[in-house]
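Participant: Provided herewith is a single structure, encoded as structure tokens, for subsequent inquiry.
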Amino acid sequence: MGKWTRRAFITTGVLAGGALAVGVAIRPGHRALKVAGQVTDGDEALINMWVKIDPSNRVTLIAPHSEMGQGAQTALTQMLAEEIDAAWDDVAYMEAPATDDYANWALGKGYILGPADVPQALIPTINGAFLQVAKGMKLQITGGSLSVRTTGVYGVRVAGAAAREVLLTAASEAWGVPVGELSAADTHLIHEASGKRAPFAQFAQAAAQYTPPAKPTLKRTEDFKVIGTDRPRFDIPSKVDGTAQFGIDAQVDGMKYAAILAAPVFGAQVASADESTAAAMAGVHKIVNLGDAIAVVADGYWQASQALKALDVQWTSTENDKRSSEDLFTQFDNDIAAAASSGDSKADVEAGEVEREFANAVATVEATYRVPYLAHACMEPMNATARVTADSCEVWIGTQNPLGFRYEVAEALGLDVEQVQINQHYMGGGFGRRSNSDSAVQAARIAREAGVPVKLIWSREEDIRHDHYRPAVASRFRAALDEQGNIVAWDNVYHEKHEPVGAPVIPYAVTAQKIHHTDSPTHVPFGPWRSVDHSQHGFFTEAFFDEVAVAAGKDPYTLRMSMLGDKPRHQNVLRTAAEKAGWGDELPRNRGRGIALQESFGSIVAQVVDVSIDEGKLKVERVVVAVDPGFAVSPNGLTAQMESGINYGLTAALYGDITIENGAVKQSNFHDYPMVRMNESPVIETHIINSGEAWGGAGEPGTPAIAPALVSAVFDATGIRVRELPLSKQDFSDWG
Amino acid sequence: MIQFRVNGEDTRVDVDPSTPLLWVIRENLALTGTKFGCGIAQCGACTVHLNGSAIRSCVTPVAAIEGSEVTTIEGLAATAGADLHPLQQAWIDEQVPQCGYCQSGQLMSAAALLSQNPNPDDEAIDAAMSGNVCRCGMYPRIRAAIKNTAANNPVEVFDPAMDVMEDASNG
Chain A
0 MGKWTRRAFI
10 TTGVLAGGAL
20 AVGVAIRPGH
30 RALKVAGQVT
40 DGDEALINMW
50 VKIDPSNRVT
60 LIAPHSEMGQ
70 GAQTALTQML
80 AEEIDAAWDD
90 VAYMEAPATD
100 DYANWALGKG
110 YILGPADVPQ
120 ALIPTINGAF
130 LQVAKGMKLQ
140 ITGGSLSVRT
150 TGVYGVRVAG
160 AAAREVLLTA
170 ASEAWGVPVG
180 ELSAADTHLI
190 HEASGKRAPF
200 AQFAQAAAQY
210 TPPAKPTLKR
220 TEDFKVIGTD
230 RPRFDIPSKV
240 DGTAQFGIDA
250 QVDGMKYAAI
260 LAAPVFGAQV
270 ASADESTAAA
280 MAGVHKIVNL
290 GDAIAVVADG
300 YWQASQALKA
310 LDVQWTSTEN
320 DKRSSEDLFT
330 QFDNDIAAAA
340 SSGDSKADVE
350 AGEVEREFAN
360 AVATVEATYR
370 VPYLAHACME
380 PMNATARVTA
390 DSCEVWIGTQ
400 NPLGFRYEVA
410 EALGLDVEQV
420 QINQHYMGGG
430 FGRRSNSDSA
440 VQAARIAREA
450 GVPVKLIWSR
460 EEDIRHDHYR
470 PAVASRFRAA
480 LDEQGNIVAW
490 DNVYHEKHEP
500 VGAPVIPYAV
510 TAQKIHHTDS
520 PTHVPFGPWR
530 SVDHSQHGFF
540 TEAFFDEVAV
550 AAGKDPYTLR
560 MSMLGDKPRH
570 QNVLRTAAEK
580 AGWGDELPRN
590 RGRGIALQES
600 FGSIVAQVVD
610 VSIDEGKLKV
620 ERVVVAVDPG
630 FAVSPNGLTA
640 QMESGINYGL
650 TAALYGDITI
660 ENGAVKQSNF
670 HDYPMVRMNE
680 SPVIETHIIN
690 SGEAWGGAGE
700 PGTPAIAPAL
710 VSAVFDATGI
720 RVRELPLSKQ
730 DFSDWG
Chain B
0 MIQFRVNGED
10 TRVDVDPSTP
20 LLWVIRENLA
30 LTGTKFGCGI
40 AQCGACTVHL
50 NGSAIRSCVT
60 PVAAIEGSEV
70 TTIEGLAATA
80 GADLHPLQQA
90 WIDEQVPQCG
100 YCQSGQLMSA
110 AALLSQNPNP
120 DDEAIDAAMS
130 GNVCRCGMYP
140 RIRAAIKNTA
150 ANNPVEVFDP
160 AMDVMEDASN
170 G
């Protein structure tokens with residue numbers, strides 16, 4: 000099962016699972032006893048798979064989600080504290096080990112079950128089936144903006160409530176009073192009538208012997224005391240004093256350091272390598288040829304990287320050695336044109352009489368939009384540390400999928416999965432990049448060849464040139480207008496279909512629609528990049544909508560509102576952003592304002608962007624964002640994700656441009672793949688709407704709307720319609 | 000053998016003099032709070048203080064710091080004579096870090112700024128901080144944390160630019 004398929008599983012799963020009723024079991028049967036040895040020490044009591052309590056009355060959540068700054072570990076712990084009635088000072092988080100037992104069945108459940116309730120009697124069986132699916136796919140993924148809305152909703156809340164119920168049962172037995180007379184608060188069990196009050200810990204061992212209820216009673220939203228409040232993130236103190244342990248910080252006795260150079264052209268192999276100079280350099284221990292890459296192992300990383308530069312490597316030729324970005328975009332255009340004319344394409348949406356509407360149209364608007372490849376450029380370059388013996392491999396790394404990495408390392412080394420251990424660290428950025436196991440597998444192979452533990456660190460140049468890129472995509476549009484300027488038909492053909500499947504679908508009421516896609520494969524590796532297909536289609540569809548509104552002589556905001564009559568949540572989000580931003584106010588010369596809307600990963604986001612152009616220089620002044628996530632578990636955390644998603648998307652919109660030259664990536668480091676910096680970061684105002692609908696994601700939904708709102712603002716300021724990102728390719732020297 | 004002081008302690012290392020200070024700090028001295036980000040002084044993740052000024056340790060040969068005083072993130076609090084430097088506390092109060100990888104460098108740049116300009120305006124913050132990339136885009140919070148630490152500014156907890164509305168109409 001490939002990684003991309005797993006990603007398909009989680010991203011589509013969200014759409015299917017969003018409305019699933021909460022009443023589900025925490026696990027099939029009583030597996031907690033079996034896994035106790037994996038997650039508990041000494042006197043700790045494992046109440047169920049997800050909850051343990053130690054003798055000091057510390058309540059720990061055990062959940063399969065890693066930390067890359069998104070704050071999910073703290074938010075999930077809030078959900079546990081709420082349901083089990085623990086005091087905030089008594090709770091902690093532990094990341095589940097990379098074992099099949101902690102495969103993320105909640106993701107599987109959300110995917111397969113969809114919006115359906117399940118009879119109580121079937122729940123253990125069904126949960127067992129989900130676990131099997133999740134195990135089969137080695138699912139232990141942190142991604143898809145899913146932690147809170149699947150693991151949290153289907154797992155943590157239920158596990159917390161179930162643990163609370165067995166604790167109450169244990170206290171009821173011990174004190175000889177009816178369970179109905181007991182309550183729980185502040186990590187204590189209370190019998191008010193007798194004045195008895197005791198910590199959870201006193202009953203933890205007894206409670207652990209009970210089979211937890213399959214459908215415990217969850218708290219009502221109006222009773223929340225912890226969910227929906229701001230709690231300081233657990234990981235932040237260690238991130239201000241240098242003690243946070245990222246993958247690159249792993250220390251293993253006797254380890255050496257490796258630098259690596261992969262074939263510049265994807266798919267090429269080492270043809271020959273003159274190692275003589277490098278091998279003689281100080282500190283060099285071993286030169287390892289991995290086939291598609293070559294690595295130097297030395298006493299220090301600097302020595303390894305200097306020796307790597309001294310290698311004279313020849314690479315095999317490939318059929319892509321002359322390919323360039325121009326060639327690829329020509330291919331995309333040709334494949335789209337062929338699909339449009341032949342009808343040989345796959346349908347996302349097909350509704351109404353599209354061709355008849357175009358035949359009768361008063362006006363037709365046509366445009367093609369394009370976005371380039373993008374690297375993730377996590378601040379922490381890819382790395383991994385590995386120690387390999389004849390029958391074992393241990394890896395230290397920050398990963399979005401520890402269980403998947405474990406299987407992939409085992410497969411690469413020909414070991415059994417039980418012989419491989421993954422030691423999880425904080426990630427210095429993930430954004431989808433750390434769901435790919437390439438550096439872990441390389442480190443393990445190098446360590447095996449070198450015969451010593453090895454810390455492999457990619458240079459920034461390797462990191463930029465050997466990513467799994469956000470795909471470059473072209474998307475062709477037509478819209479038909481009637482006499483009143485209404486949009487009566489929407490026709491869209493694009494290539495490169497991934498997930499979420501609904502990304503190109505517009506929320507607006509257009510009766511006649513045809514949204515199709517075709518294939519146009521390239522040799523450039525691709526992978527999930529923050530918000531995945533929404534990062535392209537959010538830009539395409541919303542920017543084109545703005546263009547059509549202008550052609551129809553209508554205000555882009557009011558036209559949107561008029562076409563969202565059946566979507567009050569979308570209307571409310573859009574209205575909030577517009578009102579808070581002062582939509583419709585007069586702007587000074589050389590200022591512009593744009594708006595965009597995008598639902599993704601279960602949350603609805605609208606953004607209003609203000610730009611200025613001064614002496615030919617474009618500046619993003621302010622972004623007002625409104626977000627309806629259903630319910631904000633951590634309002635400040637959601638706000639942080641909006642700010643982060645916006646600046647991540649802003650870097651892409653303004654600068655992000657990975658180009659292909661002679662088959663290889665041209666860019667190499669932050670000087671030619673620039674980032675938004677402090678002096679370019681706009682003021683960001685976040686407005687959260689708790690609509691009470693199904694809980695949505697946070698990590699990705701902030702990203703898609705920024706690019707279309709930005710190009711609309713640029714049009715408002717200048718009349719220049721930008722249809723190709725990044726904006727840095729646009730000349731504004733005549734303006735301001 | 001090259002001699003210098005790190006976080007107040009005398010240090011001697013026997014390495015190739017061209018080795019960047021970054022790798023000496025991380026590998027020879029096992030102080031891993033200082034980060035590798037780009038290797039060409041473009042991102043600021045490796046920022047440390049050399050005699051009180053912010054420098055990029057990834058492009059500073061260790062030979063160039065002979066006899067100098069180096070402060071890393073691990074030694075920042077001590078320069079303020081406290082468990083936490085006021086900026087570190089402000090970083091916590093504002094919940095600044097996300098992934099956190101760049102934050103050692105951000106804090107070292109900000110501390111050098113405040114030591115030279117106790118009350119910087121936006122322009123001064125831009126000038127001092129634009130060499131430090133934060134891929135999580137936490138610039139608004141970094142700016143707020145610096146301002147709140149600067150002289151005569153009250154400390155605000157969490158981001159003021161946030162607003163939560165209950166929407167009963169759709170519930």
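These protein sequence lines map, in sequence, to chains A and B.
Note that numbering that gives the first Met the number 0 numbers the first sequence so that position 498 is 497, with each residue one more than the last.
Note that numbering that gives the first Met the number 0 numbers the second sequence so that position 46 is 45, with each residue one more than the last.
Every residue gets a Cβ at the ideal spot worked out from N, C-alpha and C, and that includes glycine.
Do you know offhand how far residue 428 (chain A)'s Cα is from residue 389 (chain A)'s?
Facilitator: 33 Å
Participant: Going by beta carbon distance, what residues of the same chain come within less than 7 Å of residue 373 (chain A), once the five residues before and after it are set aside?
Facilitator: 468, 469, 528, 651, 655, 657
Participant: Could you spell out the range, first to last residue, of the beta strand (DSSP E) harbouring residue 49 (chain A)?
Facilitator: Element bounds for residue 49 (chain A): n/a, residue is neither H nor E.
Participant: Give the residues of chain A in contact with residue 32 (chain B), contact being defined as C-beta atoms less than 9 Å apart.
Facilitator: Those are 240, 241, 242, 243, 248, listed as they occur along chain A.
Participant: Are the beta-carbon atoms of residue 296 (chain A) and residue 449 (chain A) separated by less than 7 Å?
Facilitator: By the CB criterion at 7 Å, residue 296 (chain A) and residue 449 (chain A) fall inside the cutoff.
Participant: Taking one C-beta from the segment 429-448 of chain A and one from the segment 623-632 of chain A each time, how about it: are there three or more such pairs within less than 8 Å?
Facilitator: no
Participant: Based on Cα-Cα distance, which residue from A:181, A:584, A:235 lies nearest to residue 103 (chain B)?
Facilitator: A:235
Participant: Given a cut-off of 7 Å, decide if residue 317 (chain A) and residue 264 (chain A) are closer than it, judged by their beta-carbon atoms.
Facilitator: yes
Participant: Nearest by alpha-carbon distance to residue 21 (chain B): which of A:301, A:89, A:640, A:495 is it?
Facilitator: Residue A:301 holds the alpha-carbon nearest to the alpha-carbon of residue 21 (chain B) among A:301, A:89, A:640, A:495.
Participant: Any Cβ of chain A within less than 7 Å of the Cβ of residue 125 (chain B)?
Facilitator: yes
Participant: Excluding sequence positions up to five away, which residues of its chain have a Cβ less than 8 Å from the Cβ of residue 632 (chain A)?
Facilitator: 74, 77, 78, 147, 151, 226, 227, 694
Participant: Classify residue 536 (chain A) as helix, strand or coil using the three-state DSSP reduction.
Facilitator: helix
Participant: Check whether the Cβ atoms of residue 512 (chain A) and residue 350 (chain A) sit closer than 7 Å, and answer yes or no.
Facilitator: yes
Participant: With residue 714 (chain A) as the anchor, note down where its alpha helix (DSSP H) starts and where it stops.
Facilitator: Residue range 705-717 is occupied by the alpha helix (DSSP H) that includes residue 714 (chain A).
Participant: Is residue 0 (chain B) buried or exposed, if buried means 16 or more other CB atoms sit within 10 Å of its CB?
Facilitator: exposed
Participant: I need the straight-line Cα distance from residue 101 (chain B) to residue 33 (chain B), nearest angstrom please.
Facilitator: 9 Å
Participant: Here's the rule I'm using: 16 or more other beta-carbon atoms within 10 Å means buried, otherwise exposed. How should residue 661 (chain A) be labelled?
Facilitator: exposed
Participant: Does chain A have any CB closer than 7 Å to the CB of residue 96 (chain B)?
Facilitator: yes
Participant: So, is the C-beta of residue 372 (chain A) closer than 7 Å to a C-beta in chain B?
Facilitator: Cβ-Cβ to chain B under 7 Å: no for residue 372 (chain A).
Participant: For the segment 642-702 of chain A, which segments carrying the beta strand (DSSP E) assignment without a break, of at least 3 residues, lie completely within its bounds, in sequence order?
Facilitator: DSSP runs (the beta strand (DSSP E)) wholly in the segment 642-702 of chain A: 682-689.
Participant: Which chain B residues sit within Cβ distance under 9 Å of residue 425 (chain A)?
Facilitator: Correct list: 98, 99, 100.
Participant: What does the Cβ neighbour count give for residue 611 (chain A), buried or exposed, with the cut at 16 atoms within 10 Å?
Facilitator: buried
Participant: Should residue 57 (chain B) be flagged as near chain A, meaning a C-beta pair shorter than 7 Å?
Facilitator: For residue 57 (chain B), no CB of chain A lies under 7 Å from its own CB, so it is not counted at the interface with that chain.
Participant: Measure the CB-CB distance between residue 259 (chain A) and residue 206 (chain A) and report whether it falls below 7 Å.
Facilitator: No, Cβ-Cβ distance for residue 259 (chain A) and residue 206 (chain A) is not below 7 Å.
Participant: Helix, strand or coil: how does DSSP classify residue 223 (chain A) here?
Facilitator: coil
Participant: Roughly how many angstroms separate the alpha carbons of residue 185 (chain A) and residue 161 (chain A), rounded to a whole number?
Facilitator: 17 Å
Participant: Buried or exposed for residue 2 (chain B), going by 16 or more other Cβ atoms inside 10 Å?
Facilitator: exposed
Participant: Look at residue 144 (chain B) and residue 95 (chain B) and say whether their C-beta atoms are less than 7 Å apart.
Facilitator: yes
Participant: Between which two residues does the beta strand (DSSP E) harbouring residue 492 (chain A) extend?
Facilitator: 486-494
Participant: Would you grab the beta carbon distance between residue 42 (chain A) and residue 54 (chain A) for me? Rounded to a whole angstrom, and I think it's under 8 Å.
Facilitator: 5 Å
Participant: If you count every other CB in all the chains shown that lies within 10 Å of the CB of residue 635 (chain A), and 16 or more means buried, which is it?
Facilitator: buried
Participant: With the cut-off set at 7 Å, would you say residue 168 (chain A) and residue 157 (chain A) are in Cβ contact?
Facilitator: no
Participant: Evaluate residue 361 (chain A) with the Cβ neighbour count: other Cβ atoms within 10 Å of its Cβ, from every protein chain shown; 16 or more gives buried, anything less gives exposed.
Facilitator: By the 16-neighbour rule on beta-carbons within 10 angstroms, residue 361 (chain A) is exposed.
Participant: Can you tell me the Cα-Cα spacing of residue 669 (chain A) and residue 116 (chain B), whole angstroms?
Facilitator: Between the alpha carbons of residue 669 (chain A) and residue 116 (chain B) lies a distance of about 28 Å.
Participant: Name the two residues that bound the continuous alpha helix (DSSP H) containing residue 121 (chain B).
Facilitator: 121-128
Participant: Hey, does residue 108 (chain B) have any beta-carbon neighbour from chain A nearer than 7 Å?
Facilitator: no
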